Amino acid sequence: MEAQGLPDLSARRSRLLGPGDRRGLILSTASTVVVLAALLAIFLLAPGSAQVRHTFFNPADMWRSFVGNPKAGYYSVGEALWLNIRMFVAAEILILIAALAVAIVRLSTGPVLLPLRVVATVYVDVARGVPLILVIFAIGFGVPALQLTGISSQSAAVYGVAALVFSYSAYVSEVYRAGINSVHRSQVAAARSLGLSQWASMRYVILPQAIRTIIPPLLNDFISLQKDTALVGLLGAIEANKAAEIYSDTVFNYSSYTVAAILFLLLTIPLARFTDHLIARDRARRLAGAEQ
Amino acid sequence: MIGRTGGVSSSGEPASDTGGAAALRIEGLRKSFGAHEVLRGVDLTVASHEVICLIGASGSGKSTLLRCVNLLERIDAGTIWLDGQPITSPGVDQNLVRRHIGIVFQAFNLFPHMTVERNVTLAPVKVLGLSRPEAASRAAELLDRFGLGEKRADYPDRLSGGQQQRVAIVRALAMRPRLMLLDEVTSALDPELVADVLDVIRELAEGRSRNRDRPLSCSASRRTNAPGASSGASPTPGACEA
């Protein structure tokens, strides 16, 4: 290396915005305004702008599709979202349980569990490899056709949730597996050396640490899951996307889809912020006032 | 210096003298990792209340020997007895054995998601079946004794290395083990923190011998018959200068 010495580093800001950095604040505000204004100008000046604004962003249509009007033949997108939320919550709880079971089976080492391990591995390969939409069709149309008492007479939403659980559990089990593997082996040694059984080590030492690590990727999958509840509309369940589709088919205006999009956004953003909060709280609790 | 060695010390709360049966006896212990044979037929006997140290070059198998004793490694050949009972035979409940053997690791290995108190009480509650208040009072007593009383509610990340290692020692002691294995417990510490931890170990060793009217025995002359690894270094019980 040439003995040039370091360049002056004082002007380099590693943070997005240094505290008390007024010049940076003014610059970043200005550049943000310029970029947004440019994008808005392109949108407004485009040749088809008026048409798009009327079809996708008509406030009157947005409001009508949001509140719905059964007499006019369309449902409320806002109300239909409630079904998305219920499907999401039910699927999420089932996925968290099923995926953990799959992950633990795949991580097991005992020779007795080999058949289960093979089944779990094949399941993860298949469930991740088949497009979700095909799984929804297979379960949503296939299971009713079997004419099994009690099982074949459920609502479309139930089959939809089953399909979501089938598909997502495979992904989430891999997230669990990565999280469990990320806990250092020495933690297992420490737990087992105290006489804790394999299960107790997993329950009290490994999983709590693994779950802290995987909260962000887990949330990523669950945001995806929230959106994919819209696919259940394909089976005829009146969820937000289906309600928006019915509105657009009835009134020939796509603003209802914009409403659905905004509602999905309103669902996912708080979830993301909540997770950030959880991560920050856990970090602060463990590190608060760490002198050293 | 203990700081540079792995150590084996028998503690044993009630130390019922079982006719002079060794606290720990190892015969013909062999352990390989792949083609690399780390332990080549190690023989070792540790009497009750005896403190011995293993000295050897890095990679000569000191830690491996301790991990074998604690059944954290599957051994290839040989037998290990704890208080006269073979613990390496098939059918032995490993969890039952491990609760009687405390081990302290070089890197502390505290549970980072638990407070100091939870670290110390977890195994007494979940393994020994103590009630939470019982375990907490046992923990408080030990933590006070080792100058950690005020750290009970802290998370390990907030402690210095020396404090963390003392918590690790307390965590092992809270199980009231028959045997304590200390695996280079000061090698990861800053020099100024080493004294803290060595004081604790010295107190442990002396406490035992005082209670039992028995001198702390430092076996400088005994050797195992381990031919050692390819490096030529052998895990050898050596001088204990605690």
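Note that the protein sequences, when read in sequence, are chains A and B. Heads up, the final residue of the first sequence is numbered 293 in my numbering, and it's a clean run with no missing numbers. Heads up, the final residue of the second sequence is numbered 244 in my numbering, and it's a clean run with no missing numbers. Beta carbons are placed, not taken as given, at the ideal position from N, Cα and C, and that holds for glycine. These figures come from a predicted structure and were not determined experimentally.
Asked                                                                                                                                                                                                       : Found
What are the residues that DSSP puts in a beta bridge with L83/B?                                                                                                                                           : Reading the sequence as shown, one finds Trp at residue 83/B and not Leu. Beta-bridge pairing links W83/B to R27/B and P88/B.
Any beta carbon of chain A sitting closer than 8 Å to that of L124/B?                                                                                                                                       : yes
In its own chain, which residues sit with a C-beta less than 6 Å from the C-beta of G180/A, not counting the 5 before and 5 after it?                                                                       : A211, T214 and I215
Just the chain A side, please: which residues come within less than 8 Å of M177/B by C-beta, in chain order?                                                                                                : L195 and G196
Check each candidate in H55/A, Y75/A and F167/A and name the one with the smallest Cα separation from Y124/A.                                                                                               : F167/A
Kindly indicate which three-state DSSP category S109/A falls into: helix, strand or coil?                                                                                                                   : coil
Taking the CB atoms as reference points, tell me whether V252/A and D126/A lie closer together than 8 Å.                                                                                                    : no
At the level of alpha carbons, what is the spacing between L183/B and G80/B?                                                                                                                                : 19 Å
Between P209/A and chain B, is there a C-beta pair that is closer than 8 Å?                                                                                                                                 : yes
Find out if the Cβ-Cβ distance for the pair G151/B, D198/B is shorter than 8 Å.                                                                                                                             : no
From Q87/B to V206/A, what does the alpha carbon distance come to, in whole angstroms?                                                                                                                      : 30 Å
Could you tell me how far apart the beta carbons of L206/B and Q167/B are, in whole angstroms, since I believe they sit closer than 8 Å?                                                                    : About 13 Å; that fails the 8 Å criterion.
So that I know if they touch, is there some Cβ in chain B lying closer than 8 Å to that of A281/A?                                                                                                          : no
Let me see if you follow: with CB-CB separation under 8 Å, is R100/B close to chain A or not?                                                                                                               : yes
Compare the C-beta of P193/B against all C-beta atoms of chain A and say whether one is closer than 8 Å.                                                                                                    : no
Taking 8 Å as the CB-CB cut-off, is A113/A touching chain B?                                                                                                                                                : Note on identity: in this sequence residue 113/A is Val, with Ala being the wrong assignment. V113/A does not count as touching chain B.
For the segment 67-75 of chain B against the segment 142-149 of chain B, do three or more pairs of beta-carbon atoms, one drawn from each stretch, fall closer than 8 Å, so that the two count as touching? : no
For the beta strand (DSSP E) containing T47/B, name the first residue and the last one.                                                                                                                     : H38 to V48
Which chain A residues are close to I105/B, counting only those with a beta carbon under 7 Å from its beta carbon?                                                                                          : S194
Counting only the same chain and skipping the five closest in sequence on each side, list residues whose C-beta sits under 8 Å from that of A125/B.                                                         : R101, R173, A176 and M177
Between the C-alpha atoms of K64/B and G58/B, what's the straight-line distance to the nearest angstrom?                                                                                                    : 7 Å
In terms of alpha-carbon separation, which member of I86/A, I27/A and L26/A lies closest to A261/A?                                                                                                         : I86/A
Are A241/A and A104/A closer than 8 Å when you measure CB to CB?                                                                                                                                            : no
Would a check of beta-carbon distances place L74/B closer than 8 Å to chain A?                                                                                                                              : yes
Pull out every residue of the segment 174-188 of chain A whose Cβ sits closer than 9 Å to any Cβ of chain B, in chain order.                                                                                : H185, S187 and Q188
If I follow the unbroken alpha helix (DSSP H) through I27/A, where does it start and stop?                                                                                                                  : R23 to L46
Establish whether the CB of H115/B and some CB of chain A are separated by less than 8 Å.                                                                                                                   : yes
V53/B lies in the beta strand (DSSP E); which residues open and close that run?                                                                                                                             : E52 to I57
Could you tell me which whole alpha helix (DSSP H) segments of length 4 or greater appear in the segment 216-276 of chain A?                                                                                : 241-252
Could you work out which residues of chain B lie near A190/A, taking near to mean beta carbons separated by less than 9 Å?                                                                                  : R69, N72, L74, I105, F107 and N111
Answer with buried or exposed for P158/B, where buried requires no fewer than 16 other C-beta atoms within 10 angstroms of its C-beta.                                                                      : buried
Bridge partners for V106/B per DSSP, in chain order?                                                                                                                                                        : L184/B
Around the C-beta of V35/A, are 16 or more other C-beta atoms found within 10 angstroms, so that it is buried, or is it exposed?                                                                            : exposed
With G69/A as the anchor, note down where its alpha helix (DSSP H) starts and where it stops.                                                                                                               : No alpha helix (DSSP H) holds G69/A; DSSP gives it neither H nor E.
List the endpoints of the continuous alpha helix (DSSP H) containing A155/B.                                                                                                                                : Note, A155/B: premise wrong, no alpha helix (DSSP H); not H, not E.
Taking 8 Å as the threshold (beta carbon to beta carbon), is V187/B in contact with chain A?                                                                                                                : no
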